[in-house]
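Colleague: Quick one: the structure is below, questions incoming.
2 protein chains.
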Amino acid sequence: MRALVDFLLRDWLHADTLTERPRFADHSLETFAQVLDTCERIAREKYAPFNRLVDTEEPRFDGEKVILPQATHDAVKAYAASGMLSAAQDYEHGGMQLPYTVEAAANAFFAKASVSIGTGMLTTGNANLLMKHGTELQKTVFALNEFSGRWSGTMCLSEPQAGSSLSDVATKAVPDGDDFEAEPFGARYRLTGNKMWISAGEHELNENIIHLVLAKIPGPDGKLVPGTRGISLFIVPKKLVDAQGRLTGERNDVALAGLNHKCGWRGTTNTLLNFGEGRFPVRGGPGAIGYLVGRAGEGLRCMFHMMNEARIGVGMAATMLGMAGYEASLAYARQRPQGRPITEGGKDAAEPQVPIIEHADVKRMLLAQKAYCEGALALELYCARLVDESHTGTPEAAAEASLLLEVLTPIAKSWPSEWCLEANSLAIQVHGGYGYTRDFPVEQYWRDNRLNMIHEGTHGIQALDLLGRKVVMQGGAGLKLLATRVGETIQRAGQVQGLAEPANGLAAALQQLGAATKSAWATGVPEEALANATPYLQAFGHVVLAWIWLELGLAAKQAAPATDEQAARNAGLLAAMRYFHVYELPKIGAWLAVVSQREAVCREMQDSWF
Amino acid sequence: MRALVDFLLRDWLHADTLTERPRFADHSLETFAQVLDTCERIAREKYAPFNRLVDTEEPRFDGEKVILPQATHDAVKAYAASGMLSAAQDYEHGGMQLPYTVEAAANAFFAKASVSIGTGMLTTGNANLLMKHGTELQKTVFALNEFSGRWSGTMCLSEPQAGSSLSDVATKAVPDGDDFEAEPFGARYRLTGNKMWISAGEHELNENIIHLVLAKIPGPDGKLVPGTRGISLFIVPKKLVDAQGRLTGERNDVALAGLNHKCGWRGTTNTLLNFGEGRFPVRGGPGAIGYLVGRAGEGLRCMFHMMNEARIGVGMAATMLGMAGYEASLAYARQRPQGRPITEGGKDAAEPQVPIIEHADVKRMLLAQKAYCEGALALELYCARLVDESHTGTPEAAAEASLLLEVLTPIAKSWPSEWCLEANSLAIQVHGGYGYTRDFPVEQYWRDNRLNMIHEGTHGIQALDLLGRKVVMQGGAGLKLLATRVGETIQRAGQVQGLAEPANGLAAALQQLGAATKSAWATGVPEEALANATPYLQAFGHVVLAWIWLELGLAAKQAAPATDEQAARNAGLLAAMRYFHVYELPKIGAWLAVVSQREAVCREMQDSWF
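So the protein lines, in turn, are chains A and B. If you're matching positions, the first sequence starts at 1 in full-length UniProt numbering and goes up one per residue. If you're matching positions, the second sequence starts at 1 in full-length UniProt numbering and goes up one per residue.
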């Protein structure tokens, strides 16, 4: 995979151009490569060997502490020591000022090696949010101690009764005493409520856990404000600290209510947490002590600021699980003898068996995986590049990048979580019966990957976001911008030998997509348009990936090979492009048909008819 | 599900007409219902409550014995006591002379309750084979003791180096002494070799295990005959018995080499067995003692005789796992409040949340499951009905049924294993994060179901069987027959109000399928045709299911409802039919495109390009 990452960064995304910008001026392709080298090595040494171990030795609670394997402790330490937690931060805060594109690529190696040991994505996201929305003291005390790896971070959004529907958050935050606004850490509140699906919510991996918690401050009538407008964001440390970042010795009232036992992704502790239930009364209680971040009522806005990167992170995790399965099944197919070539005269059973990679159907399953996973990797890195552009580009370029990123984010999150899961299923299939056993790694990749369609906004939520918001916002400006970019690729490809056919195919698909978008909204009735938001999301994703593959085909055509390996790489990219365009892209027909006709059979279905 | 089974048997397949045949003359719809009642009850009481238990308490080997949960012992006993092991057998052999259609329907309840506890399908299959191909003594001693539940049976086909490629079986059988042909149990051989993936290969559930083993008898040159021609079939009991069926006290040389630890389906012991390795030397050894069944060299033919029913069994298991997930997610969706209706004015967060079954996208996921699983159930029962027809119909009808069954079997096996797995994934998705935890049953159904695309002939093998053999055999007679049957349905549906549109859609799809079949073979080069056998299988399956759904739509239109429940059932069937025809059937376009153009990108892919 490394060779592909290098190719994508250098030959396709031209990462070197980033180093012309002041923020990244100290960097070069060499420093980028060093970061990738380091991460690849740590992932190989500290993550990959323990991926099955963290699946079998699930986190367990001994009544007092959550116990994790030593390997997890070691991996988390090594990751923190690498400096990756603050890779994107300013030098003055101990960061590397690394472009997000390179950070995302580097983190991919950990996800491939062992997705559930975790890389501190939550800690980084938590601290990044504080750097953006926190006070100076919140940054210095909380964010910086997270970046150093001394403490870790969580994101506490969901509740047992409020998952997809965040507006139903019921955790309550009330001012803590008359002097609550005088608190140096930010207005001090007392929180009570339950938070569900909290990853890394309880463990002993480091000294403290900094929870970022969504909660509602009651209105003047004492009632919680309905909807998302009422939601605020709070820092709730597991252990209280002073302004110098020293533990005060006081345990905050955050209690583990239970560990969730999952189908996969078992290396990560996933918890139900009770805030302020009285298990650990603190400073006279009741309630867990929390400090307001940003302004009251703007909690979700602060969180959503991190959402694009978090969703790219999930997409990348899904992609890397797919990639891990692809590599495993490719290696297996190369060495497993079974069967003989299909020839006109029938098979000659006296001949020795051939490696299964010689069978067309096995090649099909490998090529599908390649098309799904390498395409998804390119998409994620493209989106990461947009993040960098939105932060460091000219105002005009930054605005464009932001808009395009808004439209692409639901795809970056949903597409790999659906299709790289399918890749994992194919990886099992290539292995035959062996793939279904726990003696081979692929069944775990498949189980691990099933989470990605659920967390960080389900597939259905991504679909509503895309069709209900992203493609209609600003009069459809985002969709138009995407169409323009796709059109430019088609234009360029049309002039390259061998790419006219996929270019034309993509042009037709893009037109179909545009027409379906219009038809979906033709009546202006959201209920009618959005009933088929998921097939729309699927079709949209396939069009985007067909575009990405045409881009990669172009890049392969333009990268004159210096070695046999590079020539083979180019041939492989062109084959995967063709695979995607002939086997996958035509699937949009079925998905868009129901979108276009605003098919009503689902929304008109009655409960009693099931 | 019971109401649907009754509807399918009575109103669609007209199971009562079977009772007009001599073999089933003692039966009636009432006796059929009693069998279903009994099986439904045993499944509910002895299987369903222990489905998670058998997942967590995997079979383990204590060095001497394989230990299974008590629940498995109880379930196996209850199943044997029900008489289902010999349900289809003659009265004179202790059977019920039950039509296979009813047997398959009855067994479905066990598969839904706990697929991996197992129902004795292997034992029944083993004994049925002996009733067909065995000598009188083989029947009396081995088959009858299996039917009674005193002993159990296995099928030993695969070897570590010979899974899909059975012609590479290397287990050797040599005549046991000069008097080997004088053995009353059938010519006596000594077997040496390893058999992989043997379900129920070792356990203490009953007194003895009767292995049916494929092995090769060396030719005059002492070498094994290459290919499948050389394969013979042997009875190899774990413990030797005498002609009265009494254990002689001698252990045969069949040794457990290891248990396979699987992703799911963990209630069933799955083993690697060593035959004749010398661990249990018997009667002076070497080799395990085995008795030839049928003629030498005809082992596979004997096995294939059972294949149609075994494959229907796998398809039904896949279907029932899908159905179990559908029912679980439907129940969950009815009681889980989350979110609010999409309305033109936006959501009113002050309103209470609604059950998620009210959301169009959740209804879509439920309707998809309904369409996949109920359609698959109908297909399996249709195929089971063909089995009965092939056994008890007029010679002409029997021949037709056999031919049609040959063509449909790859679909009956592969389609549910692909799409009811997808149904299980949707069942998880409906549950959100909860579905990904082991506190809910759906993740297990999904894991369990992943096996079905692998065992009893992988997806790829089914595809080669369909496109490489079934649709071309006898000059395409099977495909023509299917087309005729589908055409009759289209004809009938065309005259019914509301069914003209799906009838026309199916007619077009059938034509597309026929054209693609021709194009695939246009050059007559197997390598070119078969490179896209799997997309062909997928398209073929969807056309077959669209036909089944049109049949069910017709049946629903024709069954005048006597109650509100029946009216709701009819409405549900018609909605599922529409769902399948508008969301699913159009997918064939993408699959058949590559078949028709004999797309070569996969088979031309080079190893080094990956």
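Backbone N, C-alpha and C define an ideal beta-carbon position, used for all residues, glycine too.
Does the beta-carbon distance from C39 of chain A to A106 of chain A come in below 7 Å?
Modeller: yes
Colleague: Taking 8 Å as the limit between beta carbons, can you name the residues of its chain near L4 of chain B, skipping five residues before and five after?
Modeller: E374, L377, R569
Colleague: Using only alpha-carbon positions, find the residue among A:M131, A:F110, A:G457, A:I588 that is nearest to H93 of chain A.
Modeller: A:M131
Colleague: Mapping the DSSP letters down to three states, classify residue 672 of chain B as helix, strand or coil.
Modeller: The question about residue 672 of chain B has no answer, for chain B in this structure spans 1 to 610.
Colleague: Which first and last residues belong to the alpha helix (DSSP H) in which K518 of chain B is found?
Modeller: Residues 500 to 520.
Colleague: Taking DSSP as the reference, what is the three-state secondary structure of M96 of chain B?
Modeller: In this structure, M96 of chain B counts as coil in the three-state DSSP scheme.
Colleague: Across which residues does DSSP place S152 of chain A in a beta bridge pair?
Modeller: A:I209
Colleague: What residues in the stretch 258 to 270 of chain A bring their beta carbon closer than 9 Å to a beta carbon of chain B?
Modeller: N260, H261, K262, C263, G264, W265, N270
Colleague: Kindly list the residues whose CB is nearer than 7 Å to the CB of Y436 of chain A, restricted to its own chain and excluding five residues on each side of it in sequence; keep chain order.
Modeller: I428, E443
Colleague: Against chain A, does P226 of chain B count as a neighbour if the rule is that its beta carbon must be under 7 Å from one of theirs?
Modeller: For P226 of chain B, the answer is yes, since a Cβ of chain A falls inside 7 Å of its Cβ.
Colleague: What are the residues in the stretch 166 to 189 of chain A lying within 7 Å of chain B by C-beta distance?
Modeller: S167, D168
Colleague: Please name the residue in B:F280, B:L29, B:D168 whose C-alpha comes closest to that of I231 of chain B.
Modeller: Check the Cα spacing between I231 of chain B and each of B:F280, B:L29, B:D168: the tightest is with B:D168.
Colleague: Ignoring anything shorter than 3 residues, give me the beta strand (DSSP E) runs that lie fully in the stretch 48 to 97 of chain A, in order along the chain.
Modeller: none
Colleague: Report yes or no: is there a C-beta of chain A within less than 7 Å of the C-beta of M605 of chain B?
Modeller: yes
Colleague: Of all the options A:F580, A:A600, A:A560, A:A515, which has the alpha carbon lying nearest to the alpha carbon of R578 of chain B?
Modeller: A:A600
Colleague: For the 8 Å Cβ check, are there 3 or more pairs between the stretch 247 to 267 of chain B and the stretch 216 to 228 of chain B?
Modeller: no
Colleague: Closer than 7 Å between beta carbons: that is the criterion. Which residues of the stretch 518 to 549 of chain A meet it against chain B?
Modeller: Look at the stretch 518 to 549 of chain A: the residues with a C-beta under 7 Å from a C-beta of chain B are V525, P526, E527, L530, A531, A533, T534.
Colleague: Please return the same chain residues whose Cβ sits closer than 8 Å to the Cβ of A483 of chain A, not counting the five positions on each side in sequence.
Modeller: L510, G514
Colleague: Hey, is G94 of chain B close to the ligand SAM, as in C-beta under 6 Å from one of its heavy atoms?
Modeller: Within the structure as shown, the ligand SAM is missing, as the structure has no ligands at all.
Colleague: Evaluate contact between the stretch 163 to 179 of chain A and the stretch 279 to 292 of chain A, counting only Cβ atoms and requiring at least three cross-stretch pairs below 8 Å.
Modeller: Yes, since at least three Cβ pairs between the stretch 163 to 179 of chain A and the stretch 279 to 292 of chain A fall closer than 8 Å, the two stretches touch.
Colleague: For L464 of chain A, which residues of its own chain have a beta-carbon under 8 Å away from its beta-carbon, when the five flanking residues on both sides are left out?
Modeller: L530, A533
Colleague: Can you find a C-beta in chain A that's less than 7 Å from the C-beta of L366 of chain B?
Modeller: yes
Colleague: Name the chain A residues that come within less than 9 Å of E443 of chain B, Cβ to Cβ?
Modeller: K262, C263, G264, R447, R450
Colleague: Could you check what DSSP says for W549 of chain A in three-state terms: helix, strand or coil?
Modeller: The answer is helix: DSSP assigns W549 of chain A an H, G or I state.
Colleague: Among B:N208, B:G249, B:V293, B:S164, whose alpha-carbon lies nearest the alpha-carbon of E183 of chain B?
Modeller: B:V293
Colleague: By DSSP, does L214 of chain B sit in helix, in strand, or in coil?
Modeller: strand
Colleague: Measure the beta-carbon distance from L273 of chain B to I198 of chain B and round it to whole angstroms, keeping in mind my assumption that it falls under 8 Å.
Modeller: 5 Å
Colleague: Quick one: does I437 of chain A have its CB under 7 Å from some CB of chain B?
Modeller: The sequence as given places Thr at residue 437 of chain A; Ile does not occur at that position. Chain B contact via Cβ: present.
Colleague: Since R2 of chain B meets chain A, which of its residues come closer than 8 Å, beta carbon to beta carbon?
Modeller: In chain order: nothing, as chain A lies at least about 15 Å away.
Colleague: Look at the Cβ atom of L386 of chain B, then the Cβ atom of A401 of chain B, and state whether they are nearer than 7 Å.
Modeller: yes
Colleague: To the nearest angstrom, report how far apart P237 of chain B and M155 of chain B are at their CA atoms.
Modeller: Using only the alpha carbons, I get a separation of about 12 Å.
Colleague: For a test of the three-state rule: what should DSSP assign to R251 of chain B, helix, strand or coil?
Modeller: strand
Colleague: Could you work out which residues of chain B lie near W609 of chain A, taking near to mean beta carbons separated by less than 7 Å?
Modeller: A568, A571, G572, A575
Colleague: Just mark N449 of chain B as buried or exposed, buried being the case when its beta carbon has 16 or more other beta carbons within 10 Å.
Modeller: buried
Colleague: Does the contact criterion of 3 or more C-beta pairs under 8 Å hold for the stretch 107 to 124 of chain B versus the stretch 148 to 162 of chain B?
Modeller: yes
Colleague: Given a cut-off of 7 Å, decide if P561 of chain B and A567 of chain B are closer than it, judged by their beta-carbon atoms.
Modeller: yes
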